[in-house]
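K.L.:
For the sequence shown, numbering that gives the first Met the number 0 gives the first residue as 0, with consecutive numbering after it. Note that the Cβ used here is the ideal one computed from N, Cα and C, for glycine as well. No experiment lies behind these values; they were computed from the predicted model shown. Sharing a structure, written as structure tokens. Questions coming.
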Amino acid sequence: MRKFDLLLGLFFMGAIGIANAQTYTSTTYAGVGTAGVATDGPIATTKFYAPERLTYDNDGNIIVVDRTNSVIRRIDVSTGLISTVAGSTRGYLDATDGLTAKFDYPWGAIVDAAGNIFVADRDNDRIRKIDTDGEVSTYAGNGTSATVNNDNPLLASFMQPLDLVFDKDSNLLVADGNSNLIRAIAPDGKVTTYAGDANGFADNDDPLQASFNDPSGLGRDAAGNIYVADRFNHRIRKIDLDRKVTTVAGSGVYGNADNTNPILAKFYQPYDVDVDANGNIFVVELYHDVRKIASTGAVTTIAGLPGTSGDVVGSGDDTRFNNPSGLVIAPNGVIYVVEVSNNKIKALTPSTLPVNLTSFSGKMNDANGVSLTWSTASEQNNDYFDLLRSNDGITWTSIKTIKGKGNSSKVETYNHIDSSPLAGINYYLLKQVDFDGASTSFKAVSVNFTLSTSDYLNAYYNNGNLTISTNGNAIKSGTLTVHNLNGQVLLSQAINLSAGAHTLSVPASLETGLYVLSINSTNGNKAVKFVAE
């Protein structure tokens with residue numbers, strides 16, 4: 000890493016203090032700090048060797064890319080035990096037994112909705128896949144360091160892929176470090192360039208005319224926008240849903256200067272990025288600190304002292320990191336930071352949360368819905384809960400708000416029935432909102448909703464989208480219709496479905512009120528009422 004220690008004083012001269020910033024206290028979460036061979040067991044006694052990145056699996060466990068050990072590991076957050084998922088010694092080898100497979104300096108990882116782990120295998124110039132049975136295979140890349148797109152992913156080439164994230168269309172995006180591009184692997188395997196043209200800096204409405212300089216980390220927000228830690232441009236970039244590339248934060252002048260105007264803030268080698276459920280962006284810098292870009296745009300340093308390395312836990316700038324290289328945000332707001340040079344994972348815990356949530360669970364009920372229940376031991380300044388649902392654990396839609404108790408020191412229990420769940424796995428996220436608008440999100444729960452009747456129809460409307468769940472016989476040459484209680488037809492379209500369970504998403508523009516959804520075909524008719532809120 001390049002260091003400009005003599006300029007440290009100049010970096011701070013440009014800083015502008017941000018009032019009332021959230022405070023974070025650091026603790027050691029995993030690792031003894033001594034580099035060593037990966038050992039399974041309690042996280043307090045385990046050893047890492049230059050661990051690089053973190054991500055979550057679908058059960059809320061932390062996946063660790065243990066770079067120099069060239070293994071992928073999993074921390075069971077409920078037991079505090081760590082185990083090796085795949086990898087043995089440095090090299091290249093696919094294997095049905097993941098523990099005999101080989102990686103070569105793996106860098107980043109991401110988990111898909113089915114639970115498969117994808118790994119940016121940097122020095123093999125490949126993207127690897129670890130399936131749910133532990134089998135390791137090559138997902139994309141021929142091992143040649145080059146920039147070659149191809150319809151056949153095994154004939155494509157990468158140049159030191161560093162990080163991965165899925166976009167809203169299930170394309171696997173790759174931060175291809177040495178090519179200075181963001182690449183995409185489509186669900187059918189086709190490899191293309193998603194954004195970027197050459198080494199440099201340029202924002203552009205046309206993603207293929209934009210430029211990056213060693214894009215090193217990728218994140219995604221709840222709406223599906225992609226964020227890039229653009230390392231040597233010293234900026235955080237955004238690729239929106241139309242693939243327009245813009246700068247979110249950073250003046251491009253290296254340094255460490257907080258600012259209420261994100262474009263005037265200074266970064267120094269931002270290396271990884273993640274976004275919480277409230278739209279706040281968190282960044283680790285190799286300059287030994289963690290930054291926050293609030294949803295309002297204000298940039299603050301929340302932990303570590305820029306330019307000063309060490310291994311100290313404490314509050315705010317009392318914390319010392321040594322080359323923090325990756326981070327992941329838990330639903331409860333705790334930030335886990337991995338340190339490549341301290342061989343540790345630290346946890347950054349925000350100041351006391353206003354609500355002490357003791358339980359949150361969901362289960363199917365007898366009325367073909369999902370019953371959700373949660374309890375609090377105490378509440379302070381609690382205006383309401385926002386209940387959100389997702390079918391992939393990434394993109395969330397609010398389905399109900401429930402009034403909180405304000406201030407309470409006794410146990411409070413809340414219930415809600417989702418009468419229109421999606422077929423298959425439903426993820427539910429609980430967000431608590433204060434009277435002043437501040438919010439905290441808690442760990443999500445999942446419920447596998449299997450339709451309990453052979454003939455079922457349900458509908459849910461939110462923000463211009465009608466979600467329909469149906470189960471039954473095949474529908475051939477059918478018609479899907481939505482009408483109001485006056486009989487006025489507001490939406491009508493042809494529909495053809497095979498027998499079984501289906502979930503459909505239909506664009507619609509409905510005012511608040513009660514509506515009727517009907518499906519008519521030669522195999523019979525069925526209808527259901529639903530409410531647009």
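With 16 as the cutoff for other CB atoms within 10 Å, does residue 487 come out buried or exposed?
P.N.:
Residue environment: residue 487 is assigned as exposed (fewer than 16 neighbouring CB atoms within 10 Å of its CB, all protein chains considered).
K.L.:
Is the CB-CB distance between residue 32 and residue 341 below 9 angstroms?
P.N.:
yes
K.L.:
Taking 9 angstroms as the cut-off, decide whether the C-beta atoms of residue 373 and residue 426 are in contact.
P.N.:
no
K.L.:
So which of 121, 339 and 437 has the shortest CA-CA distance to residue 141?
P.N.:
121
K.L.:
Output the boundary residues of the beta strand (DSSP E) element that contains residue 118.
P.N.:
Here the beta strand (DSSP E) through residue 118 covers 116-120.
K.L.:
How about residue 118 and residue 173: do their beta carbons lie closer than 9 angstroms?
P.N.:
Contact: no.
K.L.:
Put residue 170 into one of helix, strand or coil per three-state DSSP.
P.N.:
coil
K.L.:
Under the rule that 16 or more other beta-carbon atoms within 10 Å means buried, what is residue 402, buried or exposed?
P.N.:
exposed
K.L.:
By DSSP, does residue 126 sit in helix, in strand, or in coil?
P.N.:
The three-state secondary structure of residue 126, taken from DSSP, is strand.
K.L.:
Pairing CB atoms from the region 342-359 with CB atoms from the region 25-41, are three or more of them under 8 angstroms?
P.N.:
yes
K.L.:
Leaving out five residues on either side along the sequence, give the residues of the same chain with a beta carbon under 7 angstroms from the beta carbon of residue 60.
P.N.:
73, 74, 75 and 76
K.L.:
Which two residues bound the contiguous beta strand (DSSP E) that contains residue 379?
P.N.:
369-389
K.L.:
Given residue 246, which residues of its chain have a CB within under 8 angstroms of its CB, disregarding the five upstream and five downstream residues?
P.N.:
Sequence-distant partners of residue 246 (beyond 5 residues in either direction) whose C-beta falls short of 8 angstroms from its own C-beta, in its chain, are 202, 234, 235, 236, 237 and 262.
K.L.:
Is there contact between the region 262-277 and the region 327-341, where contact requires at least three CB pairs shorter than 8 angstroms?
P.N.:
yes
K.L.:
Could you tell me which residues DSSP pairs with residue 425 in its beta bridges?
P.N.:
446
K.L.:
So, is residue 53 buried or exposed, given that buried needs 16 or more other C-beta atoms within 10 angstroms?
P.N.:
Buried, by the Cβ-count rule.
K.L.:
For residue 62 and residue 113, which I take to be in contact (beta-carbon distance under 8 angstroms), what is that distance rounded to the nearest angstrom?
P.N.:
Contact flag wrong, Cβ pair sits at about 15 angstroms.
K.L.:
Assuming residue 197 and residue 179 make a contact with CB atoms under 8 angstroms, what is their CB distance in whole Å?
P.N.:
7 angstroms
K.L.:
I need the straight-line Cα distance from residue 379 to residue 357, nearest angstrom please.
P.N.:
15 angstroms
K.L.:
Can you have a look at residue 466 and say buried or exposed, based on whether 16 or more other CB atoms are within 10 angstroms of its CB?
P.N.:
Residue 466 is buried by the Cβ-count criterion.
K.L.:
What are the boundary residues of the beta strand (DSSP E) that residue 182 is part of?
P.N.:
180-184
K.L.:
Applying the 10 Å Cβ sphere with the 16-neighbour rule, what's the burial state of residue 222?
P.N.:
exposed
K.L.:
If you follow the beta strand (DSSP E) that residue 106 is in, where does it begin and where does it stop?
P.N.:
Segment 105-110, the beta strand (DSSP E) holding residue 106.
K.L.:
How far does the beta strand (DSSP E) with residue 208 in it extend, from its first residue to its last?
P.N.:
It is not in any beta strand (DSSP E) - residue 208 carries neither H nor E in the DSSP assignment.
K.L.:
Considering only the beta carbon of each residue, do residue 468 and residue 531 sit closer than 9 angstroms?
P.N.:
No, the pair does not count as a contact, with Cβ atoms beyond the cut-off.
K.L.:
How big is the Cα-Cα spacing for residue 206 and residue 244?
P.N.:
6 angstroms
K.L.:
Mapping DSSP to helix, strand and coil, what is residue 249?
P.N.:
Coil at residue 249, not helix or strand.
K.L.:
Looking at C-beta atoms only, is the number of pairs between the region 290-298 and the region 249-265 that lie closer than 8 angstroms three or more?
P.N.:
yes
K.L.:
Cutting at 6 angstroms between CB atoms, please list the residues of its own chain near residue 20, excluding the five before and the five after it.
P.N.:
Since pLDDT at residue 20 reaches only 46, below the 50 mark, its modelled position is unreliable, and the value read off the structure follows with that caveat. Counting only Cβ-Cβ distances below 6 angstroms, and skipping sequence neighbours, we find 299.
K.L.:
What runs of the beta strand (DSSP E), each 3 residues or longer, lie entirely inside the region 21-63?
P.N.:
23-29 and 50-55
K.L.:
Going by C-alpha distance, which of 93, 387, 159 and 417 is nearest residue 137?
P.N.:
93
K.L.:
Go through its chain and collect everything with a Cβ distance to residue 301's Cβ below 6 angstroms, but skip five positions before and after it.
P.N.:
23, 289 and 291
K.L.:
Whole-angstrom Cβ separation of residue 191 and residue 123, contact assumed at under 8 angstroms?
P.N.:
Contact flag wrong, Cβ pair sits at about 21 angstroms.
K.L.:
I need the DSSP call for residue 152, collapsed to helix, strand or coil.
P.N.:
helix
K.L.:
Could you give the distance in angstroms between the alpha-carbon of residue 116 and the alpha-carbon of residue 217?
P.N.:
16 angstroms
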